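Residue numbers (numbering that gives the first Met the number 0), protein chains in the order written: chain L, 0 to 318; chain B, 0 to 411.
What follows is one structure encoded as structure tokens, with my remarks underneath.
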Amino acid sequence: MGLREYLLKRLVHSVFVMLFVVTVVFAAVRSIPGDPARLMLGGDVDTATLEALRAELGLNQPLYIQYFRWLRRLLTGDLGESIRTGEPVLGSIVQVAGPTLSIAALGMVIALVIAIPTGIISAVKRYEIEDYLSTTIAFFGISMPAFWIGIVLVLVIGVNVESIPTFGYTPIDEGISPWFRSILLPSFAVGFPYGGILMRMMRSSMLEVLNEDYMRTARAKGLSSNLVLFKHGLQNALIPVVTLAGIFLAVVLGGVVAVEIVFGIRGLGRLLIGSINRRDFPLIQGTVLLIAFVFVLANIVVDLLYTMINPRIKYGGGD
Amino acid sequence: MTDPLLDVRGLTTSFETGQGRLTAVDDITFQIEEGEVFGVVGESGSGKSVTALSVMRLLDDAGTVEADEVRFKGTDLLSVSESEMRSIRGGEISMIFQDPMTSLNPVMTIGEQIAEVVRHHGDVGERTGFWSEMRRKYVTGTSEGSRSWQRAVELLETVGIPEPEKRATEYPHQLSGGMRQRVVIAQALAGDPSLIIADEPTTALDVSIEAQILNEILELSEEFGISVLLITHDLGVVRETCDRVAVMYASEFMETGHVNDIFEDPHHPYTEGLLASIPRIADEREWLSVIEGTVPDLIDKPSGCPFRDRCDYAFELCDRPLVEYEIEGSALETHTVRCHRENEHVEVDDSGHVESVPDEAVAALERRIEAESARDADGGVSPTADASARADGGSRPSPAADAENGGDHGEY
Ligand code: SF4
Numbered sequence: 000m001g002l003r004e005y006l007l008k009r010l011v012h013s014v015f016v017m018l019f020v021v022t023v024v025f026a027a028v029r030s031i032p033g034d035p036a037r038l039m040l041g042g043d044v045d046t047a048t049l050e051a052l053r054a055e056l057g058l059n060q061p062l063y064i065q066y067f068r069w070l071r072r073l074l075t076g077d078l079g080e081s082i083r084t085g086e087p088v089l090g091s092i093v094q095v096a097g098p099t100l101s102i103a104a105l106g107m108v109i110a111l112v113i114a115i116p117t118g119i120i121s122a123v124k125r126y127e128i129e130d131y132l133s134t135t136i137a138f139f140g141i142s143m144p145a146f147w148i149g150i151v152l153v154l155v156i157g158v159n160v161e162s163i164p165t166f167g168y169t170p171i172d173e174g175i176s177p178w179f180r181s182i183l184l185p186s187f188a189v190g191f192p193y194g195g196i197l198m199r200m201m202r203s204s205m206l207e208v209l210n211e212d213y214m215r216t217a218r219a220k221g222l223s224s225n226l227v228l229f230k231h232g233l234q235n236a237l238i239p240v241v242t243l244a245g246i247f248l249a250v251v252l253g254g255v256v257a258v259e260i261v262f263g264i265r266g267l268g269r270l271l272i273g274s275i276n277r278r279d280f281p282l283i284q285g286t287v288l289l290i291a292f293v294f295v296l297a298n299i300v301v302d303l304l305y306t307m308i309n310p311r312i313k314y315g316g317g318d
Numbered sequence: 000m001t002d003p004l005l006d007v008r009g010l011t012t013s014f015e016t017g018q019g020r021l022t023a024v025d026d027i028t029f030q031i032e033e034g035e036v037f038g039v040v041g042e043s044g045s046g047k048s049v050t051a052l053s054v055m056r057l058l059d060d061a062g063t064v065e066a067d068e069v070r071f072k073g074t075d076l077l078s079v080s081e082s083e084m085r086s087i088r089g090g091e092i093s094m095i096f097q098d099p100m101t102s103l104n105p106v107m108t109i110g111e112q113i114a115e116v117v118r119h120h121g122d123v124g125e126r127t128g129f130w131s132e133m134r135r136k137y138v139t140g141t142s143e144g145s146r147s148w149q150r151a152v153e154l155l156e157t158v159g160i161p162e163p164e165k166r167a168t169e170y171p172h173q174l175s176g177g178m179r180q181r182v183v184i185a186q187a188l189a190g191d192p193s194l195i196i197a198d199e200p201t202t203a204l205d206v207s208i209e210a211q212i213l214n215e216i217l218e219l220s221e222e223f224g225i226s227v228l229l230i231t232h233d234l235g236v237v238r239e240t241c242d243r244v245a246v247m248y249a250s251e252f253m254e255t256g257h258v259n260d261i262f263e264d265p266h267h268p269y270t271e272g273l274l275a276s277i278p279r280i281a282d283e284r285e286w287l288s289v290i291e292g293t294v295p296d297l298i299d300k301p302s303g304c305p306f307r308d309r310c311d312y313a314f315e316l317c318d319r320p321l322v323e324y325e326i327e328g329s330a331l332e333t334h335t336v337r338c339h340r341e342n343e344h345v346e347v348d349d350s351g352h353v354e355s356v357p358d359e360a361v362a363a364l365e366r367r368i369e370a371e372s373a374r375d376a377d378g379g380v381s382p383t384a385d386a387s388a389r390a391d392g393g394s395r396p397s398p399a400a401d402a403e404n405g406g407d408h409g410e411y
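This is the structure in structure tokens:
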């Protein structure tokens, strides 16, 4: 199967995944107690006003009708309007997606930059001080939630280092450096737990590779130990890590939502939480759809990468 | 008489384990002449592979290698620096491992796996530094116009792989088992070696292609004048391929000699047992255990003959340390045996059982033990050496090999 066909197949597949996700979300948000119309109007309102608003918002119709109406608009690329503000959902999302995606991307980079070298060192220096040190740090990363790391970072670094802000987000068009500094701490908070997970995987996968016959062959060829490790070992060790990196991406996305609150950043996470509080159904659905889209897209990228580094796999899986 | 290509004397390899010291190779001595095929045969776990890895200094930190001498073309392998050793590994001495599926790197093209040997050991004028190799691997790929690649394609052709240009760009999983082992052979030839160590080269292969692969190894080594150290558990293979053979049991060499001597006139009870266990007709089982009992524990191994618990002929001398006896009348080669039955004063009946052990036998044994240990202490040649070695052995420098050098220190 060629690359094009494979991509096409994956995209079609992804559409179904996202459809499933939004359907579940559609049902879930409507099953939590709370009526958006009542929340909008506040305390004492007569039934007639309430019913009028409900009718206006289309909330009085049977669920399946609401669902198909929403779906039909979705197919034309229309995510609907916010119940609360009446603004288009897509616009609201695009407005706040910048900080979230920036933090997630930088968080991933930080995680990889930390995890891969320390994982390798840890495996090579197994049961030595380097191993214990990096394993302990990774353990902290895995056991502390991102928002907690965020709080610690604010207290330790934010308070002492003036040039690194602890609150808010500076868009990239106001300069790369201010942008970078504004997302540095939140990205680290998000990347650290993810990095911890990846580091443990890198370590165990590298340990396995070190015992492989082909590593002995490489040494028997007279290659230096660095060449044996990085030319013959690294790519093999990365294969399982890449797969899991895609699966555990959820850790990053989940982390961003919480971390935005800590750093007072208006991003997708805050938008999502606000819209849940207000039972703003279209906005919730739209936001979740976008997050699902990012996740699915990232996994396609990961799969392509996996195919690149593992020649035993053809596009579309199968040996 | 010229020096042997590889001269190993008193090689002992041990591992520190949680339960005690495991002696994997116990004081073995052998020589491989130029162009010779030397076999080491024994059951799995007898220490054959460790012998090879010790000579190549490929054991990890856990292993300690000691020897009076491991001399290859005049170089003491145990005392050269790691970087000198690297230029020997894959170059002067190359290895073929058991399973071509796992011993080839699954994510590298066949061509590059051979070409890198050419590049590191041949004279093709290509950069072999760390960053050059990394760029070649992860950025540019190996150029198919490079000399090392072209040599790799030639080698693939030499070992009988059809469409070598195309195959060179493929990965190991795209080839059949037999083809893969041919690739491994090509890889072993790539550094222009004088010695190939083949560790069970056909065990993982289909029986139907076993003979082909063996022939390939033998024909090519003969063509290029390469000596072969063949490690196998299969006496049938030994008979087909080797000039001389050592029978290994529980980390020691029990009997060494020309293949014909060993097969026609075995002296050691273990060798006899092995020969009796060769299946007469094609048999699915790899090893017929007609010898009862189990191999002794190699951890804190007691002195004395390691075979005595399983030996039909065991007698009162057998828990004494073994010494080596030379069998007279072997026309072909020196034939040596380590078994107390060979003691000149021990009387043996027609069935091979010991009739009586006169006092002279004990005295003679003690004299031999003393002589061997004296010579060992001299740092010189132990009496286990064959005649030619003994003749010039005394004049050899005694390097009193630094035991700690044996492990692969600083690896990674
Ligand atoms: S020394 Fe004794 S036990 Fe060992 S093989 Fe000879 S007879 Fe058997």
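From the three backbone atoms N, C-alpha and C, an ideal C-beta is built for every residue, glycine too.
All values reported here derive from a predicted model rather than from experimental measurement.
| field | Exposure of L:Q60, with buried meaning 16 or more beta-carbon neighbours within 10 Å | value | exposed
| When DSSP labels each residue in this structure, what does L:F179 get in the three-state scheme? | helix
| Hey, quick one: how far does the alpha helix (DSSP H) through L:G97 stretch, first residue to last? | V88 to V123
| said: Please list, in chain order, the chain B residues whose beta carbon lies closer than 7 Å to that of L:P229. | reply: Checking the displayed sequence, the identity of residue 229 of chain L turns out to be Phe instead of Pro. Under the 7 Å cutoff, chain B gives M133.
| message | Given 7 Å as the limit, tell me if B:H267 has its C-beta closer than that to any heavy atom belonging to the ligand SF4. | response | yes
| Three-state secondary structure assigned by DSSP to B:F223 | coil
| query | How would you list, in chain order, the residues of chain L whose beta-carbon sits under 7 Å from the beta-carbon of B:D75? | reply | The premise fails here: B:D75 is roughly 18 Å from chain L at the closest Cβ pair, so nothing lies under 7 Å.
| What residues in its chain sit with their C-beta under 6 Å from that of B:E162, if we drop five residues either side in the sequence? | none
| request: Identify, in the order they occur along the chain, each residue of the same chain with its Cβ nearer than 7 Å to the Cβ of B:Q34, setting aside the five sequence neighbours on each side. | output: Per the sequence presented here, residue 34 of chain B reads as Gly, with Gln not at that position. Cβ within range, chain order: G224 and S226.
| field | Assigned exposure category for L:A27 - 16 Cβ within 10 Å defines buried | value | exposed
| Below-8 Å beta-carbon distance, L:E129 vs any chain B residue | no
| said: Taking 7 Å as the cut-off, is the beta-carbon of B:L313 closer than that to any non-hydrogen atom of the ligand SF4? | reply: With the sequence shown as reference, residue 313 of chain B is identified as Ala, and Leu is not the correct amino acid for it. Result yes, Cβ under 7 Å from the ligand SF4.
| 9 Å Cβ cut-off: residues of chain L touching B:G110 | Going along chain L, no residue has its Cβ under 9 Å from B:G110, so there is no contact; the nearest lies around 13 Å.
| task | Please name the residue in L:T75, L:V240, L:A114 and L:Q65 whose C-alpha comes closest to that of L:Y305. | result | L:V240
| query | Count the other CB atoms within 10 Å of the CB of L:Q94; is the residue buried (16 or more) or exposed (fewer)? | reply | exposed
| request: Under 7 Å between beta-carbons, which chain B residues line up against L:S133? List them in chain order, please. | output: None at all; the shortest Cβ gap to chain B is about 16 Å.
| said: I want to verify the contact list: residues of chain B whose CB lies under 9 Å from the CB of L:I402, in sequence order. | reply: A question about residue 402 of chain L goes unanswered here, because the residues of chain L that appear run from 0 up to 318.
| said: Tell me whether B:F306, by its Cβ, gets closer than 7 Å to a heavy atom of the ligand SF4. | reply: yes
| said: Determine whether the beta carbon atoms of B:T157 and B:E199 lie at a separation below 8 Å. | reply: no
| said: Given 7 Å as the limit, tell me if B:R340 has its C-beta closer than that to any heavy atom belonging to the ligand SF4. | reply: yes
| query | At least one CB of chain L closer than 8 Å to the CB of B:M253: is that the case? | reply | no
| Would you call the segment 71 to 80 of chain B and the segment 164 to 182 of chain B touching, i.e. three or more CB-CB distances under 8 Å? | no
| Between the beta-carbon of B:A197 and the beta-carbon of B:I216, is there less than 8 Å? | yes
| query | Smallest Cα separation from B:E222: which of B:G44, B:E323 and B:S193? | reply | B:S193
| query | Would L:L38 pass as a contact of L:R277 if the rule is Cβ separation under 8 Å? | reply | yes
| message | Is the separation between the beta-carbon of L:V88 and that of L:A291 shorter than 8 Å? | response | no
| B:I195 by DSSP, collapsed to three states: which one? | strand
| field | L:G57 versus L:Q65: straight-line alpha-carbon distance, rounded | value | 7 Å
| Are the C-beta atoms of B:K136 and some chain L residue less than 8 Å apart? | yes
| task | Give the DSSP-derived three-state secondary structure of L:I290 in the structure shown. | result | helix
| Helix, strand or coil at L:Y5 [DSSP, three-state] | helix
| said: Please confirm whether B:Y170 has its beta-carbon closer than 8 Å to some beta-carbon of chain L. | reply: yes
| Environment of L:L2 [buried if 16+ CB atoms lie within 10 Å] | exposed
| L:P192: buried (16+ other C-beta within 10 angstroms of its C-beta) or exposed? | buried
| Comparing alpha-carbon positions, which option in B:Y248, B:Q30, B:L155 and B:L228 lies nearest B:T240? | B:L228
| query | What's the gap between the Cα of B:E359 and the Cα of B:G351? | reply | 20 Å
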